[in-house]
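In case it helps, the numbering used here puts the sequence shown at residues 2 to 234. Ideal placement from N, C-alpha and C gives every residue a C-beta, glycine not left out. Please read all numbers here as calculations on a predicted model, not as lab measurements.
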Amino acid sequence: MVRVHKPEETLTVAYAIDPFLSPSTHPGDFTVSVEPLSVRVGRPGGAVAAVVTRAGGERHTLTMSVTGLPCGALATFEPKVVEAGETTELSIAISEKASPGVYPVTVHATAPNGMTARAYLSLTVDDATTHSGIRVRLVPEESTTQPGFLTQTRVTVSTDEPVELSVGGVPPGTRATFSPARLPVGGGACTLWIFTSPSAAPGAYPVVVSAAGAHGRVGEAIFTLTITGWDRP
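Structure representation (structure tokens):
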């Protein structure tokens, strides 16, 4: 659930499971996730998201923190310290000083013994030029696959200038290509192919699809790529 505070536009949050988290089957482990998945905000603006922790075999007192915020952004937790298994609220406030762009933000939940679980958010800060004249639409907007497999989405762009397409936020070792990678004035459609690495860690990854024009304007959409583990007999 997101509670929106004025003045603002829409905030979009996304996260992916940290591939370096300790396995959740080990005693004493814990995990963290953020709800909802997508966030986009204008300047100024802000929203509240739920940070959910889950306990493993042992109970831990967790201290919450955030890294990766742009200058001009402020994050607070209420409460800042929770027991594993509890939920806290993350508030993100964006001031007019924040630069437009897409920022990979990491939420950390740290136990006294140093064990840390992480969840990733894709924070997009808009200004007057972002999404002005360039619109990006994905069909489908999400896909579930396994390591070493291929998935795709159809990208449709409406624009009054030529654009070049790019992606960000794919898992390590994963390859993403567009066919074609450039679209003319008026826009059009292309296919985004995503080839997941055989060693890709399971998790939900927010892949940012961007269409950049020659005059500095950018249109974006988020494709949620979920990688599942192999089922063992």
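DSSP three-state assignment for residue i, whether helix, strand or coil
i, result
"L70", "coil"
"A1", "In this structure the chain extends from 2 to 234, so residue 1 is not present and cannot be described."
"R41", "strand"
"A201", "coil"
"A85", "coil"
"A215", "coil"
"A224", "According to the sequence as given, residue 224 is Phe; it is not Ala. Here F224 sits in strand by DSSP."
"R60", "coil"
"S100", "coil"
"Y121", "strand"
"F150", "coil"
"P105", "strand"
"P207", "strand"
"T157", "strand"
"T229", "coil"
"S23", "Below a pLDDT of 50, predicted positions are generally treated as unreliable, and S23, at 32, falls in that range; no measurement from the model is reported."
Integer Cβ distance of residue i from residue j, believed to fall under 8 Å
i, j, result
"F196", "A118", "Incorrect: roughly 28 Å between the Cβ atoms, too far for contact."
"I135", "G220", "3 Å"
"S96", "R44", "7 Å"
"R155", "V140", "5 Å"
"E142", "T225", "7 Å"
"P163", "A215", "6 Å"
Proximity below 7 Å, CB of residue i to CB of residue j
i, j, result
"V82", "A99", "no"
"R138", "T157", "yes"
"Y121", "T111", "no"
"G47", "P105", "no"
"A50", "L91", "yes"
"G174", "V209", "no"
"Q147", "W194", "no"
"T229", "P199", "no"
"A85", "H109", "no"
"S167", "S211", "yes"
"A201", "T227", "no"
"T88", "V53", "yes"
The ligand HEM heavy atom lying under 6 Å from the CB of residue i
i, result
"P105", "What this structure holds is no ligand at all, so the ligand HEM is not there to describe."
Residue span of the beta strand (DSSP E) that contains residue i, given as start and end
i, result
"T32", "31-36"
"E143", "143-146"
"E165", "164-169"
"V137", "135-140"
Sheet register partners of residue i (DSSP bridge)
i, result
"F179", "L193"
"G46", "I95"
"T77", "S92"
"V186", "DSSP output for V186 lists no bridge partner at all."
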